[in-house]
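Protein chains in written order, with the numbering used here: chain A, 1 to 324; chain B, 325 to 709.
Virtual Cβ for every residue (Gly too), placed ideally from N, Cα, C.
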Amino acid sequence: MNHDNDMPLSGYHGKDLHCTQVSHIYCKRPLLAWRRDWSLFISNPVGLLGLGLIVIFALMGLTHSILLSTVWDRTTYHPMVGFDYDNTPHPNQPSWKHPLGTDSMGRDVLSQLLYSSRTSFGVGLTASIVATILATAVGVLSVYYGGKVDTLFMVVADAFVLMPPQVVLLVVGLLIDMDWLRLGLVYGVFAGLGTLALIAKSHALSIRVKPYIQAARVAGGGDWHIIRTHFLPNMLSLIIMNMMFTVTGSVLIEALLSFFGRTRIRMSWGTMIWFTQSIFRLSPFGEQWHVILPPAFAIMLFCGAFYMVGRALDSVVNPRLAQR
Amino acid sequence: MYKYITRRLVRALITLIVFQTILFMLIQALPRDYASLVRISPAHRDAIRAMLGLDQPVWKQYLKWIGRFLGGDLGFSFAYRTVPVSRILTTRAPRTLLLFLPAALGGFALGLWLGKHIAWRRGSWLELGATLVGTASYTSFAPWLAFMMINVFALSLGWAPPENVVNPNVWIRQRVLPETVIIRLFQTMVMVGLLLLLLWLVTRTAVAHCTYARLAGGGLIIGVVILLWLRSGWIRLALDILHHMVLPLMTLMLLSFGETMLLMRTTMVDVLGSDHVLTARAKGIPDGAIRDRHVARLALLPVLTHFIVHLPFVIIGSFVVEMVFSWRGMGQALFDAADMYDLPVLMGILSVSGVVILFAHLVLDVLNAWLDPRVRDEHFQAMAG
């Protein structure tokens with residue numbers, strides 16, 4: 001803070017305020033906005049449900065490594081190479097030893113299910129973090145600097161809008177078998193430079209005209225200072241909301257590619273369904289329900305959880321919705 | 325207005341060129357080209373490269389690529405030599421369109437209708453339930469949903485066939501190809517849709533008792549169409565195709581209605597708080613009229629925008645559903661091309677989908693500018709931005 005111009009400003013609500021106090025108020029504001037957003041968010045049952053589900057899935061991933069290193073015997077319960085020699089022939093129906101039974105290759109379904117939540121978190125978080133960083137950078141920079149930077153970014157963004165990440169991944173992913181990291185990176189780049197950049201830009205535009213930006217500039221705040229303390233905190237809710245939708249989209253497309261057997265991911269929910277359906281396509285459903293239903297519901301609940309958190313954040317970001 | 329459209333068109337052209345540049349860079353970034361796919365001697369490989377034009381310098385390939393694309397030429401397929409990509413796509417397109425168009429529009433209409441009524445009857449339980457159902461519809465795994473439909477409606481109940489486009493037993497000794505009937509069906513569908521739209525527009529302004537006029541007109545149009553089909557002698561074949569279409573269509577609609585429903589609800593709630601709704605209530609306008617004319621109409625445009633922006637998602641869904649139901653359309657072409665590393669076909673699919681998206685955005689922008697003068701006014705934009 002610059003203490004040189006620490007002179008009284010008189011006549012403001014009849015009180016004397018100091019410049020340090022003014023900047024103090026303006027610096028506090030984003031924090032207050034964040035706290036208000038949070039209290040709005042937790043008042044929405046849908047968002048809380050989604051958040052709870054996300055926590056459960058995170059616990060599932062943790063539980064798997066704990067179980068595998070303590071209770072579960074590695075040769076039997078390993079998600080990829082395990083095999084139960086005692087209860088042949090496979091697949092087995094659910095029992096005490098295998099709560100969700102085994103698949104046709106003799107592997108424990110519950111173990112696979114728990115393990116796969118890690119893959120989904122990996123893909124989803126990679127995609128959303130990359131997309132968010134790119135979109136925010138493009139949006140804020142093009143609004144803040146304007147002119148040629150703006151034109152360049154917007155031409156690129158317009159072109160990337162024509163290539164939605166789902167479509168690109170379906171085409172490129174069929175050609176190249178990708179691991180989860182690359183899948184997430186490709187999704188993040190194509191989502192972040194396209195639609196998300198446009199959304200971030202329009203939001204940054206609405207922030208630029210706010211009086212506190214001008215106040216900060218008058219008070220001598222540098223570019224990076226203004227971006228860091230004013231743009232980013234005010235865009236936080238919107239950024240997190242779009243992160244949630246990115247997670248949903250990327251996990252769905254990962255499941256699709258795994259389902260068609262076109263990834264290098266060794267175990268995920270899509271892969272589980274693929275293994276089963278490639279053998280049991282058009283067979284009576286009853287024998288295989290314990291292999292097909294859990295991963296399908298896991299995909300649905302995982303994507304749904306992030307989607308619901310996103311929808312709940314939507315009512316936070318859009319204040320006219322939140323009033324009622 | 326014309327100035328706005330011109331400006332928008334120029335921007336669209338620049339966007340297209342940048343789009344193709346990115347696609348070209350994507351191809352260059354791929355680790356293998358077509359010639360390195362098979363195990364052959366280096367001499368053969370070079371010969372194939374020379375034949376496909378892959379040995380030329382990158383900038384030459386790039387200029388050729390852009391020039392060809394702007395001329396509307398998508399090149400020749402690598403796998404089926406001498407067959408143009410555009411022909412592969414156009415032969416596959418009718419089947420996909422026959423499935424995709426009614427599914428997308430039906431899902432959209434269903435979502436609008438449900439969202440409208442849920443927003444109107446606001447109660448926490450109904451709202452929560454609707455949100456859960458909508459989320460489930462949006463996030464359910466497409467192939468899995470298709471399996472469920474096959475298992476329940478085809479294998480257990482036997483109401484509809486589980487896969488394929490036609491039943492060979494019906495088509496044996498027929499002197500007509502399925503493709504012909506499919507194209508005719510698609511044409512009929514589009515014509516009926518346009519006629520019904522026209523009827524709706526005419527009755528809205530010109531006729532006093534528009535409900536009866538609409539019912540009568542709609543009945544007349546559908547009756548005439550059914551009569552024409554009966555006279556053509558292909559009615560059994562058409563019914564066979566439609567019978568095979570039931571399950572994929574239902575699956576696609578189930579996948580696509582949720583998002584529209586949730587968005588319609590949110591937008592309706594947003595509009596409900598504005599002053600003109602209160603005014604309409606004070607004037608004593610009946611509830612249904614307020615809902616349809618004062619709230620739903622305002623909410624329609626944002627929902628339509630979102631629907632068009634998210635159209636690629638529905639296209640992906642339709643490709644996947646096609647694969648699971650063995651409905652051999654564009655989805656099958658995509659997977660075949662990927663198996664044979666047929667780059668021109670894959671890039672053709674990407675290009676066409678890009679152009680379709682661009683066109684949709686263009687129409688949407690012009691529509692927005694037409695309805696909302698603030699959009700097309702540069703002065704106002706400068707003030708707002």
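So what's Thr88/A in DSSP terms, helix, strand or just coil? Translated into the one-based positions of the first sequence, residue 88/A becomes position 88. Thr88/A falls in the coil class under three-state DSSP.
For Asn2/A, is the classification buried or exposed, using 16 other Cβ atoms within 10 angstroms of its Cβ as the cut-off for buried? Along the first sequence, one-based indexing puts residue 2/A at 2. Any reading at Asn2/A must be qualified, since the residue scores a pLDDT of 40, below 50, and its modelled position is unreliable; the value itself is stated next. Exposed, since its Cβ has fewer than 16 Cβ neighbours within 10 Å.
Ser23/A to Phe231/A, Cα distance in whole Å? As a position in the first sequence, residue 23/A is number 23, starting the count at 1. As a position in the first sequence, residue 231/A is number 231, starting the count at 1. Residue placement at Ser23/A cannot be trusted, given a pLDDT of 44 that sits under 50; what the coordinates show is reported in the next sentence. Spanning the two alpha carbons is a distance of roughly 15 angstroms.
Grab me the residues of Gly270/A's own chain with a C-beta within less than 6 angstroms of its C-beta, minus the 5 sequence neighbours each way, in chain order. Taking the first residue of the first sequence as 1, we reach residue 270/A at position 270. Within the same chain, Gly270/A has close Cβ partners Ala255, Ser258 and Phe259.
Give the straight-line distance between the Cα atoms of Leu525/B and Gly547/B, rounded to the nearest whole angstrom. For this step, residue 525/B is matched to residue 201 along the second sequence. For this step, residue 547/B is matched to residue 223 along the second sequence. For Leu525/B and Gly547/B, the distance between alpha carbons rounds to 20 angstroms.
When the Cα atoms are used, what is the spatial distance from Val71/A to Ala191/A? Against the first sequence, residue 71/A aligns to sequence position 71. Against the first sequence, residue 191/A aligns to sequence position 191. If you take the alpha carbons of Val71/A and Ala191/A, they lie about 41 angstroms apart.
Element boundaries [alpha helix (DSSP H), containing Phe231/A]: By one-based count along the first sequence, residue 231/A stands at place 231. Per DSSP, Phe231/A belongs to no alpha helix (DSSP H) and is neither H nor E.
Take Gln112/A and list the residues in its own chain whose beta-carbon comes closer than 7 angstroms to its own, dropping the five residues that flank it on each side. Stepping through the first sequence from its first residue, residue 112/A is reached at position 112. Same-chain partners within the cutoff: Pro79, Met267 and Met272.
Tell me whether Leu578/B is buried or exposed, calling it buried when 16 or more other Cβ atoms sit within 10 Å of its Cβ. In the second sequence, residue 578/B corresponds to position 254, counting from 1. Looking at its Cβ environment, which holds 16 or more other Cβ atoms inside 10 Å, Leu578/B is buried.
Find the nearest neighbour of Arg262/A within the set Phe245/A, Asp179/A, Gly249/A and Gly52/A, judged by alpha-carbon distance. Here residue 262/A corresponds to residue number 262 of the first sequence, with the count starting at 1. Nearest option by C-alpha distance: Asp179/A.
Tell whether a beta-carbon distance below 8 angstroms holds between Gly82/A and Arg118/A. In the first sequence, residue 82/A corresponds to position 82, counting from 1. In the first sequence, residue 118/A corresponds to position 118, counting from 1. Contact flag unset, no.
Closest residue to Leu413/B among Gly655/B, Leu695/B and Asp663/B (Cα-Cα distance): Residue mapping note: residue 413/B aligns to position 89 of the second sequence, counting from 1. Considering only alpha carbons, the answer is Gly655/B.
Trp651/B, buried or exposed, once every other Cβ within 10 Å from all chains shown has been counted against 16: Here residue 651/B refers to the residue found at position 327 of the second sequence. With 16 or more other Cβ atoms within 10 Å, it is buried.
Along chain B, in chain order, which residues have C-beta atoms closer than 8 angstroms to that of Ile42/A? As a working mapping, residue 42/A is identified with position 42 in the first sequence. Within 8 angstroms Cβ-Cβ: nothing; Ile42/A doesn't reach chain B, min ~16 angstroms.
Could you check how far apart the C-beta atoms of Pro418/B and Ile559/B are, in whole angstroms? I think they sit under 8 angstroms. Sequence index remark: in the second sequence, residue 418/B carries index 94 (1-based). Sequence index remark: in the second sequence, residue 559/B carries index 235 (1-based). 19 angstroms between Cβ atoms; not a contact.
Just list the residues that DSSP pairs Thr102/A with in beta bridges. For the purposes of this step, residue 102/A is taken as the residue at position 102 of the first sequence. Asp108/A, per the DSSP bridge assignment.
Let me make sure I understand the geometry here. Which of His634/B, Pro486/B, Pro626/B and Pro502/B has the alpha-carbon closest to that of Glu646/B? Reading the second sequence from its first residue, position 322 is the one you call residue 646/B. Comparing Cα positions, the closest option is Pro486/B.
In angstroms, rounded to a whole number, what distance separates the CA positions of Trp444/B and Gly52/A? Locating residue 444/B in the second sequence gives position 120, where the first residue counts as 1. Locating residue 52/A in the first sequence gives position 52, where the first residue counts as 1. So the two alpha carbons sit approximately 29 angstroms from each other.
Is there a Cβ of chain B sitting closer than 8 angstroms to that of Ile273/A, yes or no? Here residue 273/A refers to the residue found at position 273 of the first sequence. So, interface residue.
If you run the structure through DSSP and keep just helix, strand and coil, what is Thr406/B? Here residue 406/B corresponds to residue number 82 of the second sequence, with the count starting at 1. Coil at Thr406/B, not helix or strand.
Below 8 angstroms CB to CB, which residues in the same chain sit around Gly709/B once its five sequence neighbours on both sides are set aside? One-based indexing of the second sequence puts residue 709/B at position 385. Note that Gly709/B scores a pLDDT of 40, beneath 50, so its modelled location is shaky; the value from the coordinates is reported in the next line. For Gly709/B, where only same-chain residues beyond five positions count, there are no Cβ hits under 8 angstroms.
Please tell me whether Val638/B has its Cβ less than 8 angstroms away from any Cβ of chain A. Within the second sequence, the letter at position 314 stands for residue 638/B. Chain A, which has no Cβ nearer than 8 angstroms to the Cβ of Val638/B, makes this no.
Coarse secondary structure for Phe471/B, derived from DSSP in three states: On the second sequence, residue 471/B is found 147 positions in, with the first residue counted as 1. Here Phe471/B sits in helix by DSSP.
Report the three-state DSSP secondary structure of Phe643/B (helix, strand or coil). Locating residue 643/B in the second sequence gives position 319, where the first residue counts as 1. If DSSP states are grouped into helix, strand and coil, Phe643/B belongs with the helices.
Residues near Val601/B by beta carbon distance below 8 angstroms, same chain, minus five either side: Within the second sequence, residue 601/B is the residue found at index 277, counting from 1. Same-chain partners within the cutoff: Val595, Ile614, His618 and Val619.
Can you give the Cα-Cα distance for Asn234/A and Ile207/A, rounded to whole angstroms? Here residue 234/A corresponds to residue number 234 of the first sequence, with the count starting at 1. Here residue 207/A corresponds to residue number 207 of the first sequence, with the count starting at 1. Going from the Cα of Asn234/A to the Cα of Ile207/A covers about 8 angstroms.
Relative to the C-alpha of Val316/A, which candidate in Leu301/A, Gln277/A and Ile240/A has its C-alpha closest? Sequence index remark: in the first sequence, residue 316/A carries index 316 (1-based). Comparing Cα positions, the closest option is Ile240/A.
Need the endpoints of the alpha helix (DSSP H) that Gln656/B sits in, please. The residue labelled residue 656/B in the question sits at position 332 within the second sequence. Looking at the DSSP string, the run of the alpha helix (DSSP H) that includes Gln656/B is Met654 to Asp663.
Please state whether DSSP places Met178/A in a helix, a strand or coil. As a first step, residue 178/A must be located in the first sequence, where it is residue number 178. DSSP places Met178/A in strand when its eight states are reduced to three.
Assigned exposure category for Ile639/B - 16 Cβ within 10 Å defines buried: Counting from 1 along the second sequence, the entry for residue 639/B is found at position 315. The residue in question, Ile639/B, is buried, as its Cβ has 16 or more Cβ neighbours within 10 Å.
For the region 554-573 of chain B, enumerate the residues whose C-beta is nearer than 7 angstroms to any C-beta of chain A, in chain order. none
Is the beta carbon of Phe471/B sitting closer than 8 angstroms to the one on Leu571/B? As a working note, residue 471/B is residue 147 in the second sequence. As a working note, residue 571/B is residue 247 in the second sequence. Cβ distance not < 8 angstroms, so Phe471/B and Leu571/B don't count as in contact.
Reduced DSSP secondary structure (H/G/I, E/B, other) of Thr414/B: For the purposes of this step, residue 414/B is taken as residue 90 along the second sequence, with counting starting at 1. Of the three classes helix, strand and coil, the one that applies to Thr414/B here is helix, per DSSP.
I'd like to know if Gly304/A contacts chain B, where contact means its C-beta is closer than 8 angstroms to some C-beta of that chain. Translated into positions along the first sequence, residue 304/A becomes position 304. Judged by the 8 angstroms Cβ criterion, Gly304/A is in contact with chain B.
Measure the alpha-carbon distance for Gln93/A versus Val457/B and round it to whole angstroms. Locating residue 93/A in the first sequence gives position 93, where the first residue counts as 1. Locating residue 457/B in the second sequence gives position 133, where the first residue counts as 1. Distance between the alpha carbons of Gln93/A and Val457/B: 30 angstroms.
I'd like to know if Val489/B contacts chain A, where contact means its C-beta is closer than 8 angstroms to some C-beta of that chain. The residue you call residue 489/B lines up with position 165 of the second sequence. It does not; no Cβ of chain A falls within 8 angstroms.
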